[in-house]
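Trainee: First, the structure itself, so that you have it in front of you.
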Amino acid sequence: MKYLLFIQRILATMIDLIIVYIPISFIVNVVVTGYFTPTILSGVLFTIYSVVAIHSFQGQTIGKYFAKIQVIDVGKSMMNDSIREVIKLIYFIPFLGLIVGGLSIGCYFIQGKFLHDIIGKSKVSMNG
């Protein structure tokens, strides 16, 4: 069950990246100049999308909707939802993001939760 949920979460992330992050990143790279600025700004805008979507649509982003999963134990306030999603900004930092991402995957296979789930005190479950 844990591995099936892992695959669904990867699928949801890929859908969100393709539908939301890549277009945002393309637009930001055309409009904004600088070495780190476009990457950071794209990550921040993607995080804002995630917070608004999870808070407004019963714990789901577009990717989570199609992967039939949702975040639970969130939605009490925009601030609670933000904590979980802002942690993900670390993944966008070159090199550090790879290290923290690896630790996060390790946490998932040990505890059944990614690092941002643990810090954000949330859980992801399957719908239907």
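For the sequence shown, full-length UniProt numbering begins at 1 and goes up steadily by one. Where a beta carbon is used, it is the ideal one built from N, C-alpha and C, also for glycine.
#1: Could you compute how far the alpha carbon of Glu85 sits from the alpha carbon of Lys123?
#2: Check for me: the alpha helix (DSSP H) holding Ser104 runs from which residue to which?
#3: With respect to the beta strand (DSSP E) encompassing Lys123, which residues constitute its N-terminal and C-terminal limits?
#4: Output the boundary residues of the alpha helix (DSSP H) element that contains Gln60.
#5: Would you identify the three-state DSSP class for Val71, choosing helix, strand or coil?
#6: Cutting at 7 Å between CB atoms, please list the residues of its own chain near Leu96, excluding the five before and the five after it.
#7: What number of angstroms, rounded off, separates the C-alpha of residue 148 from the C-alpha of Val28?
#8: Comparing C-alpha positions only, which one of Leu45, Ile19, Lys2, Asn80 sits nearest to Gly59?
#9: Three-state secondary structure (DSSP) at Ile18?
Mentor: By the coordinates alone:
#1: By one-based count along the sequence shown, residue 85 stands at place 85. By one-based count along the sequence shown, residue 123 stands at place 123. When rounded, the distance between both Cα atoms is 13 Å.
#2: The residue given as residue 104 occupies position 104 in the sequence shown. Start and end: 96 to 111.
#3: Indexing the sequence shown from 1 puts residue 123 at position 123. Per DSSP, Lys123 belongs to the beta strand (DSSP E) from 123 to 126.
#4: For the purposes of this step, residue 60 is taken as the residue at position 60 of the sequence shown. Note, Gln60: premise wrong, no alpha helix (DSSP H); not H, not E.
#5: Residue 71 sits at position 71 when you count from the first residue of the sequence shown. Annotated three-state conformation of Val71 is strand, per DSSP.
#6: Translated into positions along the sequence shown, residue 96 becomes position 96. Same-chain partners within the cutoff: Ile90.
#7: Any property of residue 148 remains undetermined from this structure, which presents the chain solely from 1 to 128.
#8: Walking along the sequence shown from the start, residue 59 turns up at place 59. Nearest of Leu45, Ile19, Lys2, Asn80 to Gly59, Cα basis: Asn80.
#9: For this step, residue 18 is matched to residue 18 along the sequence shown. When secondary structure is reduced to three states using DSSP, Ile18 falls in the helix class.
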